[in-house]
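**Student:** Sequences listed follow chains A and B, in order. Note that my numbering has the first sequence beginning at -13, numbered continuously upward. Note that my numbering has the second sequence beginning at 22, numbered continuously upward. No residue lacks a Cβ here, since even glycine has one placed at the ideal position from N, Cα and C. For clarity, every value in this text was computed on a predicted model and none was experimentally measured. There's a structure below that I have some questions on.
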Amino acid sequence: MYLADRSAPAGAKTAPGRGSGRGPAVAPTVLALGTVSLITDISSEMVTAVLPLYLIAGLGLSPLGFGALDGVYNGVSALVQLTGGHLADRVRNHKLVAGIGYGLSALCKPLLLLVHSLGPISVILALERTGKGLRTAPRDALISLSTPDELQGRAFGVHRAMDTTGALLGPLAAFLILGVAVDGYDAVFGVSACVAALGVVVLVLFVPSGAGDTPPRPRPAAAPAAPPAPARPDPVRLRDAVALLRLPRLRALAICAVLLGLTTVSDAFVYLLLQRRTGIDDQWFPLLPLGTAAVFLLLAVPAGALADRIGRRTVFLTGHALLLAAYGLLLWAPDWPALPYLVLALHGMFYAATDGVLPAAVAATVPESLRASGLALVGTGQALARFGCSLAFGGAWTLWGTGPALAAAAAGLLCCAAVAGHVLRPAPPAPGAPPAPAPPDPARRP
Amino acid sequence: MTRSRRLLVLAVAVLLLGGVGATLVQRAASRADRPRTGGPEATAGSVTLTAGRDTLAFLGSGQGPHRGALASVPADAPDGPRTVSDLTCQRFYAAAGTGVCLRSSPGALAQDNKAVIVDAALRPVRSFPLAGTPSRARVSPSGRFAAWTVFVSGESYGAAFFSTRTAILDTRTWKLDASLEEFAITMDGRDYRAQDVNFWGVTFAKDDDTFYATLSTAGETHLVKGSVSRRSVTTLAKNVECPSLSPDETRIAYKKRVRAGASLWREHVMDLRTLSDHPLAEKRSVDDQAAWLDDGTLAYALPADGAADRTDLWTVPADGSGRPEPLTSGASSPARLG
Chain A
-13 MYLADRSAPA GAKTAPGRGS GRGPAVAPTV LALGTVSLIT DISSEMVTAV LPLYLIAGLG
47 LSPLGFGALD GVYNGVSALV QLTGGHLADR VRNHKLVAGI GYGLSALCKP LLLLVHSLGP
107 ISVILALERT GKGLRTAPRD ALISLSTPDE LQGRAFGVHR AMDTTGALLG PLAAFLILGV
167 AVDGYDAVFG VSACVAALGV VVLVLFVPSG AGDTPPRPRP AAAPAAPPAP ARPDPVRLRD
227 AVALLRLPRL RALAICAVLL GLTTVSDAFV YLLLQRRTGI DDQWFPLLPL GTAAVFLLLA
287 VPAGALADRI GRRTVFLTGH ALLLAAYGLL LWAPDWPALP YLVLALHGMF YAATDGVLPA
347 AVAATVPESL RASGLALVGT GQALARFGCS LAFGGAWTLW GTGPALAAAA AGLLCCAAVA
407 GHVLRPAPPA PGAPPAPAPP DPARRP
Chain B
22 MTRSRRLLVL AVAVLLLGGV GATLVQRAAS RADRPRTGGP EATAGSVTLT AGRDTLAFLG
82 SGQGPHRGAL ASVPADAPDG PRTVSDLTCQ RFYAAAGTGV CLRSSPGALA QDNKAVIVDA
142 ALRPVRSFPL AGTPSRARVS PSGRFAAWTV FVSGESYGAA FFSTRTAILD TRTWKLDASL
202 EEFAITMDGR DYRAQDVNFW GVTFAKDDDT FYATLSTAGE THLVKGSVSR RSVTTLAKNV
262 ECPSLSPDET RIAYKKRVRA GASLWREHVM DLRTLSDHPL AEKRSVDDQA AWLDDGTLAY
322 ALPADGAADR TDLWTVPADG SGRPEPLTSG ASSPARLG
């Protein structure tokens, strides 16, 4: 669902020289990117929402086994993200690489109309996923490069809230179309393609190609290799990107993201657990992700702003504590009518407190010229760790049953959170500051 | 580009793309009103599930006003004029005056899926919410038990997944076993438990207790024989999907996956005493739970030539001889009544 486009970390720090504190609420670039994500998510969630119905009722296929393939694409997508991030730094044109990603995904939508068997459909969805992987890191880098240090959390919060809004509107639009046109899957895919194309248009028109120095005027997206930014003649090499891991703070964040990712049970399992352990009716099952998304959407901005004020580390760790509380409630499974709502609320709060906050923290540790690479590095690590967790959790569920598997995940999460709390403890010189070893920042308030 | 120029370009793009989108929706919406050309004549009327008259019931398939509507024809003139009811379903099956209609309609935020039990006059008796998209439906020969399978999809960071959920309903007591996954499984003589267990394609025997179904786990499918009252199943054979028990209860017809991982199936018939099987004369890939028209003939749906959204019904002899013959066009979910 709303995970549509996430997973890439983002970075932060290049204050574009705005005075301290309360500049304009959010940089225009962030709003533009948020709009692009919103539109693109409407488009992709339209397809996702009707896909099961289309495969089974429309084409008469048995889509079992589809899931296994999907797992593979996710691994591939994580690696593509790494490529996208590095490529964006290399050609110094984040917008171009993000645009290729958005464009590739948009091109896939109409193709769905032309194929009628599972194999080709899987290939098209894999390409769609590749586009998503490509664009994530450069997009988050653009967000971070257009926002002053002390507002990064909020900027990512705004972006994630807009992204999630799109994910909620997508199914609405799709079912509206199916309501008007019986079995109008072709109409859904066609409209989805139009919406995706609109997203690309907005990107091209309104997002500046963040070559680093946040040019005041957006350049047309078509320009390939960015016009050489005056400041940085050194080419970005693969080695530089790998060397990022030698930055102690980034390494610490990467380790924490991976550790916590390894104990973050995937959403699908959370919903399955919720259904099994609280006995909610089958018909509500498809609506559970919407609960999480709604809470995420409402709290993403406040959580991001809070992270900017009291420290990203605190908020990030609190988010995981909330997830732990959700696991605890599921384990305990008291007979409260409000239990499902409570678990979904905690789950949504977990996303609000972590999904945009991690990139904000990562961005603060990575130099501008390697921003997208750094974001991709942490994002890929986290995505692969979560994928590993899905596999392990599935295995534990089979061997031990739901209760013990969940207990193991909760214990793991507790340990990892403790380690993360230790690893991420504020660097001595900047007590009370956001966890990032903030490079000297004249704009910071006294 | 200046700001106003950019806004102008955006406005043009919105108008263009919006126009294309609106046209697509409009075209799809008007499709439902156009009667299908060709194919058997259809007249609206009342369809009954009462035993006695020898009829064949099925759902209309393909675009047009009768899409998904339950229709019936005399069993000896399957391709003749149809009587079409106003009950629409995604999947349907009926026996001895009980029908099960799996229906999927678009809701506000998700599909609204239901299993509706209808009486002989197609009046809804009860309906049950479903967790996913309808896939298979069956009623026991006595009309007492109904079973259905739906595909459940979920999404996650890691993976979108599809799994099945199969339920059995006793229409006399209205007791619902919402998921066969809670039944005890005996595999190769031992108790078996796993998280990746999926069931689909139930078929009932006349004793109103025994059933057969497909069990999938660890990447393999098994034919299981089960007991509703004991809430248990036992594996019999491998690579069997969507079994369908013959009226004399000696054989099952099923789809056998041609190669692991490929979505290709051949329709086979297995003798339940010897567990030996033979392929049928149908060479095309059948992805359906076949229905026995009599002890020697099977009916099943296949995608119509050149149309992604329409299926035709075919028959083939159950002994492996002969060749597939068209039964009627633009139809799915066959059930022989009476």
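Quick one: does B:ALA152 have its CB under 7 Å from some CB of chain A?
**Tutor:** Yes, B:ALA152 lies at the interface with chain A (some Cβ there is under 7 Å from its Cβ).
**Student:** Which of helix, strand or coil does DSSP assign to B:ALA32?
**Tutor:** Helix, per DSSP.
**Student:** Would you please verify whether the beta carbon of B:ALA136 is less than 7 Å from any beta carbon of chain A?
**Tutor:** Cβ-Cβ to chain A under 7 Å: no for B:ALA136.
**Student:** Please name the residue or residues paired with B:MET291 in a DSSP beta bridge.
**Tutor:** B:MET291 pairs with B:ILE273 and B:ASP298.
**Student:** Between the segment 327 to 360 of chain A and chain B, which residues of the former have a C-beta closer than 8 Å to a C-beta of the latter?
**Tutor:** Listed by position, the residues of the segment 327 to 360 of chain A near chain B (Cβ gap below 8 Å) amount to none.
**Student:** For A:LEU47, return the contacting residues in chain B, with the cut-off set at a CB-CB distance below 8 Å.
**Tutor:** Ordered by position in chain B, the residues that pass the 8 Å Cβ test against A:LEU47 are SER284 and ASP308.
**Student:** Quick one, which residues of the segment 370 to 393 of chain A are near chain B if we go by CB-CB under 7 Å, in chain order?
**Tutor:** Correct list: ARG372, PHE373, SER376, GLY380, TRP383 and THR384.
**Student:** Look up A:ILE42 in the DSSP assignment and say whether it is helix, strand or coil.
**Tutor:** Note: A:ILE42 maps to helix in three-state DSSP.
**Student:** Pick out whichever of B:THR207, B:THR109 and B:LEU319 has its Cα sitting closest to the Cα of B:ALA65.
**Tutor:** For the residues B:THR207, B:THR109 and B:LEU319, the minimum Cα distance to B:ALA65 belongs to B:THR109.
**Student:** Which residues, taken in chain order from the segment 149 to 162 of chain A, show a beta carbon closer than 9 Å to some beta carbon of chain B?
**Tutor:** Within the segment 149 to 162 of chain A, the qualifying residues are LEU154, PRO157, LEU158, ALA160, PHE161 and LEU162.
**Student:** Find out if the Cβ-Cβ distance for the pair A:ALA84, A:ARG125 is shorter than 7 Å.
**Tutor:** Contact flag set, yes.
**Student:** So B:ASP228 is in the alpha helix (DSSP H); what residue range does that whole segment cover?
**Tutor:** Element bounds for B:ASP228: n/a, residue is neither H nor E.
**Student:** Along chain A, which residues have their Cβ under 8 Å away from the Cβ of B:GLY128?
**Tutor:** Those within 8 Å of B:GLY128 in chain A are PHE161.
**Student:** Considering A:ASP169, what are the terminal residues of the alpha helix (DSSP H) in which it resides?
**Tutor:** Careful: A:ASP169 lies outside any alpha helix (DSSP H) and carries neither H nor E.
**Student:** Express the C-alpha separation of B:GLY247 and A:VAL186 in angstroms, rounding to a whole number.
**Tutor:** If you take the alpha carbons of A:VAL186 and B:GLY247, they lie about 55 Å apart.
**Student:** Any beta-carbon of chain A closer than 7 Å to the one on B:VAL121?
**Tutor:** Answer no: the Cβ-Cβ gap between B:VAL121 and chain A never drops below 7 Å.
**Student:** By Cβ distance, which residues of its chain are closer than 8 Å to B:ALA152, with the 5 residues on each side in sequence left out?
**Tutor:** Excluding positions up to five away in sequence, the list reads ASN134, VAL171, VAL173 and ARG186.
**Student:** Spatial neighbours of A:GLY170 within its chain, please: CB distance less than 8 Å, with the 5 preceding and 5 following residues excluded, ordered by chain position.
**Tutor:** Closer than 8 Å at Cβ, skipping near neighbours: ILE163 and LEU164.
**Student:** Report the residues of the segment 99 to 125 of chain A with a CB closer than 8 Å to any CB of chain B, ordered along the chain.
**Tutor:** Answer set for the segment 99 to 125 of chain A: HIS102, SER103, LEU104 and GLY105.
**Student:** Quick one, are the C-beta atoms of A:GLY143 and A:GLY305 less than 7 Å apart?
**Tutor:** No; because the gap between Cβ atoms is not below 7 Å, this pair is not in contact.
**Student:** Going straight from the alpha carbon of B:LEU70 to that of B:ALA117, what length do you get?
**Tutor:** Roughly 7 Å between the two C-alpha positions.
**Student:** With H, G and I counted as helix, E and B as strand and the rest as coil, what does DSSP make of A:CYS180?
**Tutor:** Of the three classes helix, strand and coil, the one that applies to A:CYS180 here is helix, per DSSP.
**Student:** So, is A:LEU41 buried or exposed, given that buried needs 16 or more other C-beta atoms within 10 angstroms?
**Tutor:** Buried is the call here.
**Student:** List, from N- to C-terminal side, the beta strand (DSSP E) runs of 3 residues or more that fit wholly inside the segment 108 to 190 of chain B.
**Tutor:** Fully enclosed beta strand (DSSP E) runs of 3 or longer: 112 to 116, 119 to 127, 132 to 139, 145 to 150, 154 to 160 and 166 to 175.
**Student:** Report the CB separation of A:THR151 from A:VAL16 in whole angstroms; it is logged as a contact under 8 Å.
**Tutor:** Incorrect: roughly 14 Å between the Cβ atoms, too far for contact.
**Student:** Closest Cβ-Cβ distance between B:VAL46 and chain A: below 7 Å?
**Tutor:** Cβ-Cβ to chain A under 7 Å: yes for B:VAL46.
**Student:** According to DSSP, is A:ILE25 part of a helix, a strand, or is it coil?
**Tutor:** Here A:ILE25 sits in helix by DSSP.
**Student:** How big is the Cα-Cα spacing for B:THR365 and A:LEU309?
**Tutor:** Outside the displayed range of chain B (22 to 359) lies residue 365 of chain B, so it cannot be described from this structure.
**Student:** Closer than 7 Å, CB to CB, is B:VAL279 near chain A or not?
**Tutor:** By this cut-off, B:VAL279 is not an interface position.
**Student:** In terms of alpha-carbon separation, which member of A:LEU392, A:GLY365 and A:PHE271 lies closest to A:ALA378?
**Tutor:** Nearest option by C-alpha distance: A:LEU392.
**Student:** Based on Cα-Cα distance, which residue from A:LEU328, A:PRO275 and A:PHE282 lies nearest to B:ALA131?
**Tutor:** Ranking A:LEU328, A:PRO275 and A:PHE282 by Cα distance to B:ALA131 puts A:PRO275 first.
**Student:** Give me whichever residues DSSP pairs with B:PRO102 in a beta bridge.
**Tutor:** Paired residues: none, contrary to the question.
**Student:** Since B:ASP217 meets chain A, which of its residues come closer than 8 Å, beta carbon to beta carbon?
**Tutor:** Here the neighbours are GLY380 and THR384.
**Student:** Going straight from the alpha carbon of B:GLU262 to that of A:GLY389, what length do you get?
**Tutor:** Taking the straight line from one Cα to the other gives about 31 Å.
**Student:** Between A:CYS375, A:SER359 and A:ARG411, which has its C-alpha nearest A:GLY70's C-alpha?
**Tutor:** Measuring from the Cα of A:GLY70, the nearest candidate turns out to be A:SER359.
**Student:** Mind checking if A:GLY165 is an interface residue toward chain B, Cβ cutoff 7 Å exclusive?
**Tutor:** Taking Cβ atoms only, chain B reaches closer than 7 Å to A:GLY165, which makes this a yes.
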